[in-house]
Amino acid sequence: MTDEPVVVLDDVWRTYPAGVRAVRGVSVRIGRGELVAIVGPSGSGKSTLLHLMGTLDRPSSGAVVVDGMDVGTLGDRRLSALRAHRIGFVFQQFHLPVGVSTQDIVADGLLYSGLPLARRRARAVRALTDCGLDHRLAHRPNQLSGGEQQRVAVARAIVGTPALLLADEPTGNLDTRSGAEVMRLLHGLNAAGTTIVVITHNDEIAASLPRRIAVRDGEIVSDSRETQA
Amino acid sequence: MTDVLPPARLAARDLVRVSASGLRARPLRVLLSALGIAIGIGAMVAVVGISSSSQARLNAELNRLGTNLLTVSAGKTLFGDNAKLPAESVRMVARVGPVTSASGTGKVGDARVYRNDRIPADRSGGIVVLATRLDLLGTVGTDVASGTWLNAATARYPAAVLGADTARILGIAHASPEVQVWLGGRWFTVIGILDRAPLAPELDNAALVGWPVAQAALGFDGHPSTIYERSPDSAVAAVRDVLARTANPESPEEVVVSRPSDALAARAAANQSFAGLLLGVGAVALLVGGIGVANTMVISVLERRGEIGLRRALGATRGMIRSQFLAEALLLSVLGGVSGVVIGVGATAAFATTRDWPVTVPAYAIGGALVATALIGALAGLYPAMRAARLSPTEAIATT
């Protein structure tokens, strides 16, 4: 799609100490501006794949390159900086601290980026506006619906304008309507240029995304692209 | 193409904000574990504060009374009988070069004091009758609380000045010409009551009468039993060396020389050693408080694995996670320490005020308390913080 891919996995293996091979020789490239679903049953290794792309985990062998940087050559501090600046995460759990305002929760998405508090807060307003939550700046998580809470988590993930947004079952804790709301947001962000990888076991959601990578037993079984209507 | 990104540092202000919000999320637990530290620090500050307030009071008192008073009293003879000082010994002592004033009292052997003549003889209340020289008050450094002191005229007549305890025992609040006591088998008019004499406590339970009347009416032999003298501070040691020989040249070994201010200081020192014990108890409380903080932090790390995972995903380094939990432990323990100092100073102030002592809490006690809490916080937080930092991000995220 574009010349320089955001994520490159080259013959990546991940073996856990107990001998479980979660990822077996996966090679995949994700280009800039893509919206990709990684689909597979639980235990298929899709979460491990996401952790590897997000540099939260290191491959046992093989190379992971994120936004041009080879993860294997970076220490904890550099990897953390890479996550702070280039990668955003959305999890199935919203991970929103109680009693903190929406704006401050999103601003904390930049806590480890080195920006001063005032700039972090200003950018939080922008990210919340992008996620359609500009009317909820002072609300606390318990005053928001589930869908709104997950959208706050998305705002926190994109507040640093990351090159890559990784979403691990982002609709797993939501009802269908709220889930659709979050997926609409992700589509919108992708249309604005963000590269997004969504992990899901929901075929319906996977079918709605332009590229689907199916995973089973740690291997890619299919990688299908669909020209959008 | 992107260069290697610079790893950011967490600004001190952000660190405090993050750790404070961590504590705010669990207020009751924070309160309880800070309380442990507060009790320990409070106890220690109060012990130091109270004992230094007591020391300050003693110093003020010694300052007022002076430490240059020496007393010479008759001891025992070689055979164990009560010795006597020569009748002229007060004058002899007064003649020693540096001595600025000297006075004396003589015990009137058999005389007893009663409120009136109907009191059974055996209920004498332990009151001693002393014949006194007229310059006694200036030398001893005490004053008349009520009435007047003896003068050349009243010293010849049955007039008595009562010590502070004597007046209390006899139930006499004020001296007046109408108040009489049954002293040595005759009526004596109470013309004065003394203040307490901290440097001569033997005066507190005595009834003082003039030297002439004691000799004339009470069978007093004229031998002083105690001599009081003052000299400049620099000469006290030198005077002390010659006092025994001056007072009783024939048998200086029968003379006891003492410095009453030493006894006051010794009593204070005895209190100090007790304070040391209490300080130890406070230290144990502080240690237990520190363990409480460590325990709280360990539990906190276990509970907050999800948060740790999220922060790692947001780009926190291991070091930043470690700093966060360390700062939380520090903040928690300093919170306890500061409340402890407030409690300790408050307790000292309350205790000292009820006793009319000056309130003194040394700066080193407050500084030491805060340093100690910071140290305890750091120690208590170290292990939990390292555990939090070692947690692998994937494991942390997976647990929620």
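Line order of the protein sequences matches chains A and B. When we follow the working numbering, the leftmost residue of the first sequence carries the number 1, and every step to the right adds one. When we follow the working numbering, the leftmost residue of the second sequence carries the number 1001, and every step to the right adds one. Where a beta carbon is used, it is the ideal one built from N, C-alpha and C, also for glycine. Remember, predicted model here, so these are calculated numbers, not experimental data.
Using DSSP's beta-bridge definition, name the partner residues of residue i.
i, result
"A:R216", "A:E219"
"B:Q1180", "B:T1189"
"A:F89", "A:L166"
"A:E204", "The partner list for A:E204 (beta bridge, DSSP) is empty, contrary to what the question assumes."
"A:V8", "A:R29 and A:V65"
"A:D70", "A:V65"
"B:K1107", "B:L1130"
"B:W1149", "B:W1149 pairs with nothing; no bridge assigned."
"B:V1256", "B:S1073"
"A:V198", "A:A37 and A:A167"
"B:A1160", "B:V1190 and B:V1209"
"A:S224", "A:R212"
By Cβ distance below 8 Å, which residues in the same chain neighbour residue i in space, the five residues on each side in sequence not counted?
i, result
"B:V1334", "L1370, T1373, A1374 and G1377"
"B:L1279", "M1044, V1047 and V1048"
"A:S44", "V215, R216, D217 and G218"
"A:R140", "V98, G99, V100, S101 and T102"
Strictly under 8 Å for the Cβ-Cβ distance: is residue i near chain B by that measure?
i, result
"A:A81", "yes"
"A:S101", "no"
"A:S44", "no"
"A:V12", "no"
"A:R78", "yes"
"A:A229", "Bear in mind that a pLDDT of 43 at A:A229, under 50, signals an unreliable position, so the model cannot answer this."
"A:H139", "no"
"A:Y16", "no"
"A:P97", "yes"
"A:S113", "yes"
"A:L56", "yes"
"A:G109", "yes"
"A:H187", "no"
"A:A84", "yes"
"A:Q93", "yes"
"A:H51", "yes"
Grouping DSSP H, G and I as helix and E and B as strand, with all else coil, what is residue i?
i, result
"B:V1096", "coil"
"B:N1295", "helix"
"B:E1250", "coil"
"B:G1210", "strand"
"A:A127", "helix"
"B:E1229", "strand"
"B:A1169", "The amino acid occupying residue 1169 of chain B in the given sequence is Ile; Ala does not appear at that position. Reduced to three states, the DSSP call for B:I1169 is helix."
"B:L1391", "coil"
"B:V1239", "helix"
"A:V159", "coil"
"B:N1205", "coil"
"A:T15", "strand"
"A:A22", "strand"
"B:N1063", "helix"
Leaving out the 5 sequence neighbours to the left and right, which residues in its chain are closer than 6 Å to residue i when beta-carbon positions are compared?
i, result
"B:T1246", "M1092, V1093 and V1096"
"B:S1103", "R1133, D1135, L1136, T1139 and Y1228"
"B:V1301", "P1384, R1387 and A1388"
"B:L1203", "G1163 and A1197"
"A:R123", "V159"
"B:W1187", "Q1180"
Which residues in the same chain have their Cβ closer than 7 Å to the Cβ of residue i, if we skip the five residues on either side of it in sequence?
i, result
"B:W1149", "L1137, V1161 and G1192"
"A:R86", "V66, D67, P162, A163 and L164"
"B:P1362", "V1048 and S1052"
Within 8 Å of any Cβ in chain A, is that where the Cβ of residue i sits?
i, result
"B:W1393", "A small fix is needed here, since residue 1393 of chain B is Pro in this sequence, not Trp. Yes - at least one Cβ of chain A is within 8 Å of the one on B:P1393."
"B:I1397", "yes"
"B:D1014", "yes"
"B:P1006", "yes"
"B:S1021", "yes"
"B:L1035", "no"
"B:L1028", "no"
"B:R1312", "yes"
"B:R1318", "yes"
"B:A1025", "yes"
"B:G1290", "no"
"B:G1315", "yes"
"B:M1001", "Note that B:M1001 scores 41 on pLDDT, short of 50, meaning its location in the model is unreliable; the coordinates nonetheless yield the value given after this. Closer than 8 Å to some Cβ of chain A, the Cβ of B:M1001 qualifies, so yes."
"B:G1344", "no"
Do three or more CB pairs link the region 1173 to 1182 of chain B to the region 1220 to 1232 of chain B at distances below 8 Å? no
Take every Cβ of the region 1287 to 1294 of chain B, pair it with every Cβ of the region 1356 to 1370 of chain B, and state whether three or more of those distances are shorter than 8 Å. no
How do the region 1098 to 1116 of chain B and the region 1229 to 1241 of chain B stand: do at least 3 beta-carbon pairs fall below 8 Å, yes or no? yes
Specify whether the region 1029 to 1038 of chain B and the region 76 to 85 of chain A touch according to this definition: at least 3 beta carbon pairs, one from each stretch, less than 8 Å apart. no
Please determine if the region 100 to 118 of chain A and the region 167 to 184 of chain A are in contact, where contact requires at least 3 C-beta pairs separated by less than 8 Å. no
Can you find at least 3 beta carbon pairs, one from the region 1210 to 1222 of chain B and one from the region 1057 to 1065 of chain B, that sit closer than 8 Å? no
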